[in-house]
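What follows is a short report on a single structure.
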DNA sequence: TCACGTTTGGAACACCGTTCCAATCCATCA
DNA sequence: TGATGGATTGGAACGGTGTTCCAAACGTGA
């Protein structure tokens with residue numbers, strides 16, 4: 001009779017898929033992708049690896065569940081309010097910022113794109129493009145270009161973060177690369193030299209948005 | 001005296017960085033990324049792992065060297081001949097096709113983007129955009145959007161290939177996904193349902209090019 | 001011929017994901 | 001109430017990985 005009650009209330013210190021995912025995310029955020037091992041996870045949860053495997057099929061599913069926990073909530077964006085272009089920018093920025101906070105999501109999102117709220121993402125972006133008057137025939141190409149771009153930048157940011165773990169002084173790093181660009185051969189690298197100054201003080205987030213706007217711009221001028 | 005001669009001609013069966021990279025690429029192409037282990041490599045070269053480590057620092061460097069061997073030649077494209085837009089399309093398609101043939105390059109290119117002919121790629125694309133009249137101020141954003149998009153699609157293709165190893169019947173797979181899209185809720189998934197038919201018989205390569213054109217289009221209509 | 005730096009092959013190490021299993025918990029039923 | 005059996009746990013064990021280490025073989029200049 002109180003069957004329902006007892007099922008819904010679980011012992012707080014019992015292992016559960018959510019508690020495992022939560023602990024895994026803590027490890028991922030604190031020490032990066034390579035630090036997430038079943039041993040480290042078991043130790044943090046004061047248990048053995050076998051117990052974890054009872055709740056989670058394997059490491060792939062664990063990573064996917066972690067990424068889900070971060071990404072899926074992002075997909076629930078105000079249904080269709082506001083200007084469509086702005087809506088698309090918000091969706092894109094939401095993903096960008098999430099991956100900025102949790103770089104490991106980038107690689108995961110990338111490794112298995114179809115496990116996540118991809119359907120919702122396609123719908124969110126697609127519906128807004130329809131509202132902008134994109135013809136049905138061009139819709140899929142446009143949405144998929146936007147999504148590819150978003151995931152592409154996401155993945156690259158994750159790679160960047162993996163390479164420059166955190167404390168790195170970003171501006172001096174950029175300055176160093178820019179200096180190298182400026183020193184490259186004046187005849188063979190005309191464009192690179194011109195980009196060097198912009199590289200030095202560019203902002204990843206703004207540049208990401210510029211790319212989105214470029215795509216939206218191209219979509220607006222479809223014939 | 002024949003010092004030079006002896007240095008340049010190496011015994012054909014001696015181990016060398018190039019022979020190792022060559023063998024590694026064969027394994028990668030034949031059996032995928034997971035099959036490349038130092039043991040498998042050593043066995044193929046009839047040697048021990050220690051001998052390989054004398055020529056190659058670690059697995060990361062090995063993978064990077066393999067990717068270099070595929071990608072770097074692609075960057076040497078006819079200096080500045082032909083219509084700039086077409087040139088950019090050719091560069092992009094070159095990378096797309098290379099990754100289609102060697103999916104593992106996609107993930108590697110992605111993991112460490114700056115180890116490769118990225119400078120050349122920035123220059124090749126940038127110079128052509130300059131020729132198209134893109135103002136200096138917008139150059140970096142435009143190039144970087146194009147490069148991000150290219151790498152993004154590349155990575156996703158690699159992920160796809162990893163998931164559907166080869167023999168998979170692509171058209172029936174697409175049909176299955178499309179069917180699922182069509183069955184999704186009629187009210188909440190308007191756009192997805194419209195895209196389903198286009199998903200069913202789309203061509204990855206053409207769609208990739210459509211995205212490039214969208215970006216070029218947006219760049220052309222910059223104000 | 002000798003000596004010495006270069007190159008090799010494979011054993012050994014630490015660690016990983018995963019499997020297996022004995023021990024424990026706990027709700028249910030006789 | 002006590003027994004029973006499934007759900008859940010913790011940790012040992014297994015096969016495999018990247019990497020290190022080192023004794024042996026090679027080959028080249030003195």
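Residue numbers (full-length UniProt numbering), protein chains in the order written: chain A, 1 to 223; chain B, 1 to 223. Just so it is clear, CB atoms sit at the ideal spot from N, CA and C, and this is done for glycine as well. Values in this document were obtained by computation on a predicted structure and should not be read as measured data.
Residue i burial status per 10 Å Cβ neighbour count (16 or more: buried)
i, result
"residue 167 of chain B", "exposed"
"residue 107 of chain B", "buried"
"residue 294 of chain B", "Because chain B spans 1 through 223 in this model, residue 294 of chain B falls outside it and cannot be assessed."
"residue 154 of chain B", "buried"
"residue 163 of chain B", "exposed"
"residue 18 of chain A", "exposed"
"residue 82 of chain B", "exposed"
"residue 5 of chain A", "Low confidence applies here, because residue 5 of chain A scores a pLDDT of 28, under 50, leaving its location unreliable and the question unanswered by this model."
"residue 123 of chain A", "buried"
"residue 2 of chain A", "Confidence is the limiting factor: at residue 2 of chain A the pLDDT is only 30, short of 50, which leaves the residue's position unreliable, though a coordinate-based value still follows. Exposed is the call here."
"residue 180 of chain B", "exposed"
"residue 215 of chain B", "buried"
"residue 221 of chain A", "exposed"
"residue 104 of chain A", "buried"
"residue 148 of chain B", "buried"
"residue 158 of chain B", "buried"
"residue 51 of chain B", "exposed"
"residue 34 of chain A", "exposed"
"residue 111 of chain A", "buried"
"residue 134 of chain B", "buried"
"residue 144 of chain B", "buried"
"residue 10 of chain A", "Caution is warranted here: a pLDDT of 30 is assigned to residue 10 of chain A, below 50, making its placement in the model unreliable, and the coordinate value is therefore given only provisionally. The residue in question, residue 10 of chain A, is exposed, as its Cβ has fewer than 16 Cβ neighbours within 10 Å."
"residue 31 of chain A", "exposed"
"residue 14 of chain A", "exposed"
"residue 101 of chain B", "exposed"
"residue 128 of chain B", "buried"
"residue 92 of chain A", "buried"
"residue 97 of chain A", "exposed"
"residue 141 of chain B", "buried"
"residue 126 of chain B", "buried"
"residue 56 of chain A", "buried"
"residue 206 of chain A", "exposed"
N-terminal and C-terminal residue of the alpha helix (DSSP H) that residue i is part of
i, result
"residue 218 of chain B", "204-220"
"residue 81 of chain A", "Run containing residue 81 of chain A: none; DSSP gives neither H nor E here."
"residue 55 of chain A", "49-55"
"residue 192 of chain A", "190-200"
"residue 71 of chain A", "59-75"
Collapsed DSSP secondary structure at residue i in the structure displayed
i, result
"residue 32 of chain A", "coil"
"residue 164 of chain A", "coil"
"residue 14 of chain A", "coil"
"residue 223 of chain A", "coil"
"residue 100 of chain A", "helix"
"residue 186 of chain B", "coil"
"residue 112 of chain B", "coil"
"residue 132 of chain B", "coil"
"residue 5 of chain A", "Unreliable placement is indicated for residue 5 of chain A, whose pLDDT of 28 sits below 50; the coordinate value is still reported in the next sentence. In this structure, residue 5 of chain A counts as helix in the three-state DSSP scheme."
"residue 174 of chain A", "helix"
"residue 41 of chain B", "helix"
"residue 117 of chain A", "coil"
"residue 46 of chain B", "coil"
"residue 169 of chain A", "coil"
* Just by C-beta distance, which residues in the segment 113-129 of chain A are closer than 7 Å to chain B? -> Going along the segment 113-129 of chain A in chain order, one finds 113, 119, 122, 123, 126, 127 with a Cβ nearer than 7 Å to chain B.
* Asked: When Cβ atoms are compared, which residues of the segment 150-174 of chain A fall closer than 7 Å to chain B?
  -> Within the segment 150-174 of chain A, those residues whose Cβ lies closer than 7 Å to any Cβ of chain B are, in chain order, 151, 152, 153, 155, 156, 159.
* To do: Could you run through the segment 202-215 of chain A and flag, in chain order, every residue whose CB is less than 7 Å away from some CB of chain B?
  => Cβ contacts with chain B come from 202, 207, 210, 211, 214, 215.
* Where the segment 185-201 of chain B meets chain A: residues whose CB sits under 8 Å from a CB there -> The residues in question are 188, 189, 190, 191, 192, 194, 195, 198, 199.
* **Near-chain A residues of the segment 60-75 of chain B - C-beta to any C-beta below 8 Å** => The residues in question: there are none.
* To do: Closer than 9 Å, Cβ to Cβ, to anything on chain B: give me those residues from the segment 93-108 of chain A, in chain order.
  => Answer set for the segment 93-108 of chain A: 107.
* Relative to chain B, which residues along the UniProt DNA-binding region "H-T-H motif" (37-56) of chain A have a C-beta separation below 8 Å, given in chain order? -> Listed in sequence order: no entries.
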